[in-house]
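A.B. asks:
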Amino acid sequence: MFLIDMHGKAIHKKIKLKISLPIEKRPMNKIRGIIVHQTGGATAKSAFNSYNFGKSGAHFLIDKDGTIYQTASLIKQTWHVGKLKPRCLAEMRCTPTELTQLKKFTPSGTHRREMAKNVPNRYPSNQDSIGIEIVGQALPVNEPDHDKRTYETLTKEQSDSLKWLIQELRFSLKVPLTEIFRHPTVSYKNKTEAATASW
Ligand SMILES: [Zn+2]
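First residue of the sequence shown? That's -15 in the numbering used here, and the numbers climb one at a time after it.
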């Protein structure tokens, strides 16, 4: 089991602390889910470099060799999710009103309506989820249409580390298995992102 200290840092010898202050945003009051990503870059270094610009980032980064870095405090939000997809549609439980609203579909309008709901009626968002990035490219990199690229398969070491980390987070943060998702499930992303990740 790992401990989470008052600063939101996970204390365990398997986790290397490498906080990127620019990606830490507002306080996160309640953690309701975990979102699993792949970085799109070839190395951990390229992810750390982009974190210096302070736009998007996540709470953990798993390198090719399985090394786990904590990159943001667990009591701070990071921007890793983006606009939410309508959860009721995927789970076939939309109300008639929701179905009517979805006919006039716009990602921003849908996101706004989703955020008025609570988990599990919507997917976990930047406000209430932990992000785990796994180093991996979408290939081929010369394919101009990003949606036509395919993300790399996780290495054995990454798979092992992801399983361990998710298990630890589930128990430490009391996140149910039903609230752990790959990024393209919850937002409009290349559908192969984290497709080979399992937990
Ligand atoms: Zn992602």
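Even for Gly, the Cβ is constructed at its ideal location relative to N, Cα and C.
Since the model is a prediction, treat every value here as computed from it, not as a measurement.
1. Taking buried to mean at least 16 other C-beta atoms within 10 Å of its own C-beta, is R133 buried or exposed?
2. In angstroms with no decimal places, state the Cα-to-Cα distance between L161 and N33.
3. Only counting runs of 3 or more residues, tell me where the beta strand (DSSP E) segments fall wholly within the stretch 83 to 141, in order along the chain.
4. Evaluate contact between the stretch 115 to 124 and the stretch 36 to 44, counting only Cβ atoms and requiring at least three cross-stretch pairs below 8 Å.
5. When you compare only the Cα positions, how much space is there between L146 and G24?
6. Suppose contacts are defined by Cβ-Cβ distances below 7 Å. Is Y135 in contact with A122 by that definition?
7. For ligand 1, list every residue whose C-beta falls under 6 Å from any of its heavy atoms, going in chain order.
8. Could you check what DSSP says for V20 in three-state terms: helix, strand or coil?
9. Do L73 and E98 have their C-beta atoms closer together than 7 Å?
10. Going by DSSP, which residues form a beta bridge with S171?
C.D. replies: Based on what the coordinates show:
1. Per the 10 Å Cβ criterion, buried.
2. Going from the Cα of L161 to the Cα of N33 covers about 32 Å.
3. Here the runs fully enclosed are 113 to 123.
4. Yes, they touch.
5. Those two C-alpha atoms are separated by around 17 Å.
6. For Y135 and A122, yes; Cβs fall inside 7 Å.
7. The set of residues whose C-beta lies within less than 6 Å of a heavy atom of ligand 1 reads, in chain order, H21, H167, K173, E177.
8. DSSP places V20 in strand when its eight states are reduced to three.
9. No, the Cβ-Cβ distance between L73 and E98 is not below 7 Å.
10. S171 pairs with L68.
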